[in-house]
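**Q** Quick one: the structure is below, questions incoming.
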Amino acid sequence: MALAGMAPFPAAALAYLYGPADLRAGSLTMLLTWSAIMLGFLGGIRWGLESGRARPRWTRLAQSVISPIAGWSLLFARDSLETAWLLCGLIAAFILQWLYDHTAPDVPSRYPRLMTVLTLGACLSLALVLEQVLRL
């Protein structure tokens, strides 16, 4: 299931890099939007893990909304920021979420490995498009 959730990242990146020129705008929109959706999903996982505790910690609940807010803010700032900055911001958000997930003591044992695969897929796809954007 996690790999299926990651599939739009390389699909959008490959369409942007190697597809016809008229697909570039749409594939970039797909990549940016899917990034915001996945950051929201990752924050939702953290919210759910914390909400399942007998006494949820409000700081952890508050922290769980940072990645979704960052992702959606970057997406909505698309008309105000250059594409390279948007891509860098999304890469940073995924890496920070990954660091947060790897330092949290209260996650299932398989969760860090799963997040590593997702983060690598997302960041590599975003970085490939970033490299192309910087060339243009």
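Residues -12 to 123 in the numbering used here are what the sequence shown spells out, letter by letter. C-beta atoms are modelled at their ideal positions from N, C-alpha and C, and glycine is treated no differently.
What span of residues does the alpha helix (DSSP H) with D66 cover, start to end?
**A** Per DSSP, D66 belongs to no alpha helix (DSSP H) and is neither H nor E.
**Q** L101 lies in the alpha helix (DSSP H); which residues open and close that run?
**A** It spans 98 to 122 - the alpha helix (DSSP H) in which L101 sits, taken as one unbroken run.
**Q** Find the nearest neighbour of L15 within the set G30, L26, P(-3), G31, judged by alpha-carbon distance.
**A** Checking every option, the nearest Cα to that of L15 belongs to P(-3).
**Q** Is it true that the CB of V104 sits closer than 8 Å to the CB of A(-11)?
**A** Closer than 8 Å, so yes.
**Q** Which residues in the same chain as C75 place their Cβ atom closer than 8 Å to its Cβ, once the five residues preceding and following it in sequence are excluded?
**A** Correct list, in chain order: L117.
**Q** Whose C-beta lies closer than 8 Å to the C-beta of I124 among residues of the same chain, with five residues either side of it excluded?
**A** Residue 124 cannot be examined here, being either before or after the span of the chain that is shown, -12 to 123.
**Q** Mapping the DSSP letters down to three states, classify R47 as helix, strand or coil.
**A** It is helical.
**Q** Under the rule that 16 or more other beta-carbon atoms within 10 Å means buried, what is P55, buried or exposed?
**A** Result: buried.
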